[in-house]
Each structure stands twice: as C-alpha cells, then as structure tokens.
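Remarks on the structure that follows.
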Amino acid sequence: MKKVSPFALGATLYMPATRTDLLSVVMGEKLQGLRSLVVCLEDAVSEIDLDVALANLGTLLMDIDRRGGRPEDGPMMFVRPRNADMAAKLSAWPLMRHADGYVMPKLNLNNIDAWAKSVEGTDLYLMPTLETKEVFDPTAMVELRNALLETIADRVIALRIGGNDLMGCLGLRRPQSTTLYQTPMGYVIPMLAGVMGAAGFALTAPVFEQIHSQDLLKAELDLDMAHGLVGKTAIHPSQVAIIHRALQVSIDDLNSAKAILSDAAPAVFQFNGAMCEPATHLKWAENIVERARWHGLRTDKTANLSGAPLTLIEAAG
C-alpha cells in the first residue's frame, strides 16, 4: 500500500449515509475544494434507518462504478461502519474498492484485533477514532499505541480525536463561548499529541459544533495547529474553507523550514530572530513543507510578522 499524507485530509466532512446527494459530493461536483469526507453509518444514523443507509451506500458505490470510479482530483472517501463486524461485511463487497478506507469508531484494546481482521485482503486504509473513557488514561493510551504499532500501523493515515464523545464520557458538552482547550480536552489533546505523536501517528482535531461562531472556530484552529494536529473534522460545509485556511503555512515558517532542511545548513543558525537547530527541528520542518504542499501559503498581512520580504527560500542541495 502506498503511503498517504495525513495533510491530504484537510477538513474532513462527515455525512450520514442516508443522504441522497452523496454521489455529487464524492464526485467533486458539489462542495468544490473538499479534500475528504466520511459516509457515516454509526452515530449519524439511527438504528431504524440503518437498512436504508446500507442500501444507499451500496447504490453510491454502484453509481461510482458506473462512472468509472472516483475522480483523482476529488475528495478522499471513507466509510464509518458501526463496528468491526459491519466493517468485515462491507469489506466483502467488491465495490468497496471505490472507498479509500474506514473510520473506526471507539477503538480500544478489546476490538483492535477484530478491526485488523476486518480489512485483511483489502487495500483499505484506516482512521481509528479515540473517543472512549480509556483515552483519559495515559497508561491505557501507551498500551493502545503499542497495539496499533503491532497490528494496523501501516494502514493508519491518522488518528481522529472524538471530542464530543470524550466530553460525553464526563457528562459535559462543549461550551458555546470557549474552545475545547478550555475544557478537560485541554488535557487530553496535548497528552495524545505526545503519546501518539511521538510514535509517528498523525492526529486530527475534534469537530467544532458551533456552526455560526467562526471567530471561535478560528481561535480553536490556532490551538489545533500549535499542537501539531493535521486536520479537523467538519460538520458543515461553511467550516471547510476556514479549516483549510488555518492549515496554510506562513512564508516565514516555510522559509525557515527550507533553511533547516538544506544540506548546507549549519548545526545552529539564526533565522528571523529565532534559533534554528536542524537536529532538533527536522521533523517540524518536514511537516511544514508537507503542509505547504497540500494547503499552500497564507497571504494575509498577519502571516509575515517578521517584516521580511515575501520571498521563498529554495533549499540548497
């Protein structure tokens, strides 16, 4: 399986499998600029509607097949089954090859082997969701990280942080006037960024459910970026462009990253008034270049706080 950049995900829009406009979104005809989407069979679909949702997914896959497959420049498409048993049944559908993979709800040590078996013999990627009470326990997350490394790590594009479910474990709901980082998630997200990120797993940020609070969404995205998160779940099309703008890279950061990655870079040097040390900042620099590759450069006036000319440094060598 070829490696997929987690930065390719961008804003990931969740859509219930019961929707009738899925094909136009999947084919890139509607919501242009969308990078990835999830056809959800889990929380977004009630039990009474499950048969309809599965039939609608089957129709979607047949329609994609009739069109000769999904366009290369269209959004990545993932399916979110209810559990590993459902995933195994879906994997047996020949047309499931038109999906990129599964979003795995409520991953834990008890179901990870079943999820691994559900995709055996396929080329489906996986995006496990961390959203159960065990996520609050760093020791449990170390154990889960090790299990991921031993089983499905080669299929994992990114780990998704299920903010609403995690808040629900505590009997809480996101406040309307603050970011998630001002709740107990302000402990969980940095902990996961450390435990999982240190093992090489990318993480995506939880959904922002206040659809009309764009300024608060932007503030939360700043914190998402500061914690190294590579994308964010979207629940409304109006959030997609805002998330993608937040993922853009400033010219100063890109120039700094290219200087760090240069074969001619000294062991320690100054750039834009900050110390750069390639041995320490290598991974950061690689991530900045990859982010810029997928999301481009910020062009707003605040992106160039140093006052340096807006010129792009090409790495030597």
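For reference, each letter of the sequence shown is one residue, going 737 to 1053 in the working numbering.
Think of the CB as a built atom: it goes at the ideal place given N, C-alpha and C, for glycine as much as any other residue.
Bear in mind that the values here come from a model prediction, so they are computed numbers and not experimental data.
Just grab the DSSP bridge partners of residue 837 for me. 814 and 861
Cα-Cα separation, residue 737 to residue 861: 9 Å
If you run the structure through DSSP and keep just helix, strand and coil, what is residue 897? strand
If I measure Cβ to Cβ from residue 945 and keep anything under 8 Å in the same chain, skipping five residues before and after, which residues do I get? 900, 910 and 971
Helix, strand or coil: how does DSSP classify residue 937 here? coil
Assuming residue 746 and residue 979 are in contact, meaning their beta carbons sit under 8 Å apart, how far apart are those beta carbons, in whole angstroms? Confirmed, about 7 Å.
Could you tell me which of 982, 951 and 961 sits nearest to residue 926, measuring between CA atoms? 961
Within 8 Å, strictly: CB atoms of residue 981 and residue 743: no
Note down, in chain order, each residue of its chain lying with its Cβ closer than 8 Å to the Cβ of residue 1003, except the 5 sequence neighbours on either side. When the five nearest sequence neighbours on each side are left out, the beta carbons in the same chain lying within less than 8 Å of the beta carbon of residue 1003 are those of 1013, 1014 and 1015, in order along the chain.
Name the two residues that bound the continuous alpha helix (DSSP H) containing residue 877. 874 to 886
Alpha carbon to alpha carbon, how far is residue 759 from residue 796? Give it in angstroms, no decimals. 6 Å
Would you say residue 965 and residue 939 are within 8 Å of each other, going by their C-beta atoms? Cβ distance < 8 Å, so residue 965 and residue 939 count as in contact.
How do the region 829 to 845 and the region 807 to 821 stand: do at least 3 beta-carbon pairs fall below 8 Å, yes or no? yes
With 16 other Cβ atoms within 10 Å as the buried cut-off, status of residue 846: Residue 846 should be labelled exposed.
Per-residue burial, residue 784 [other beta carbons within 10 Å of its own, 16 or more giving buried]: exposed
Please work out which residues of its chain come closer than 8 Å, Cβ to Cβ, to residue 913, disregarding the five sequence neighbours upstream and downstream, and give them in chain order. Excluding residues within five positions, the ones whose Cβ falls inside 8 Å are 952.
Rank 917, 851, 889 and 931 by C-alpha distance to the C-alpha of residue 871 and give the top, closest one. The shortest CA-to-CA distance from residue 871 to any of 917, 851, 889 and 931 is the one to 931.
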